[in-house]
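This report concerns only the one structure given below.
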Amino acid sequence: EETRILDGLRKSLKPVVEQSASAASQWESCPEAEELETEIVSGTHQQVRNIKVRCDHAGITVYGVSSSYYLKQMVTTIVQTFAPSVPLMNRVMVKVK
590 EETRILDGLR
600 KSLKPVVEQS
610 ASAASQWESC
620 PEAEELETEI
630 VSGTHQQVRN
640 IKVRCDHAGI
650 TVYGVSSSYY
660 LKQMVTTIVQ
670 TFAPSVPLMN
680 RVMVKVK
């Protein structure tokens, strides 16, 4: 009885394990956080301040402060250029002077 239950659990979990493995291999091309920070600073002509990039199993999260929504969108465009298949959370805060 227990063996049947365990076999059923293994079969039901197998697709989840395969899916997470394929997602991880898909993200192997994710650039280093420092490289993305440098590209963002350069691509926005140093107009986005306090840039911090975090890469983890959930994707890429970008933090910083911008003076316009246009610059915030530029951050998204820059990151997607280098890592198009990785989920992105743009947490850049827009503060108008």
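In the numbering used here, the protein residues as written are 590 to 686.
Where is the CB? At the ideal position from N, CA and C, for every residue including glycine.
Going by DSSP in three states, residue i sits in which element: helix, strand or coil?
| i | result |
| --- | --- |
| T627 | helix |
| T633 | coil |
| K661 | helix |
| V685 | coil |
| V642 | strand |
| A672 | coil |
| E607 | Note that E607 scores a pLDDT of 47, beneath 50, so its modelled location is shaky; the value from the coordinates is reported in the next line. Note: E607 maps to helix in three-state DSSP. |
Nearest-angstrom Cα distance between residue i and residue j?
| i | j | result |
| --- | --- | --- |
| V642 | V664 | 11 Å |
| S656 | Q636 | 8 Å |
| M678 | L660 | 15 Å |
| P695 | D645 | The structure shown does not extend to residue 695, since the chain is modelled only from 590 to 686, so the question has no answer here. |
| F671 | K686 | 30 Å |
| H634 | C619 | 23 Å |
| Q662 | E621 | 20 Å |
| Q669 | L625 | 10 Å |
Can the beta-carbon of residue i be found closer than 8 Å to that of residue j?
| i | j | result |
| --- | --- | --- |
| V675 | G632 | no |
| N639 | V654 | yes |
| E623 | I667 | no |
| V630 | Y658 | no |
Among all the DSSP beta bridges, which residues are the ones paired with residue i?
| i | result |
| --- | --- |
| V654 | R638, M682 |
| I649 | C644, L677 |
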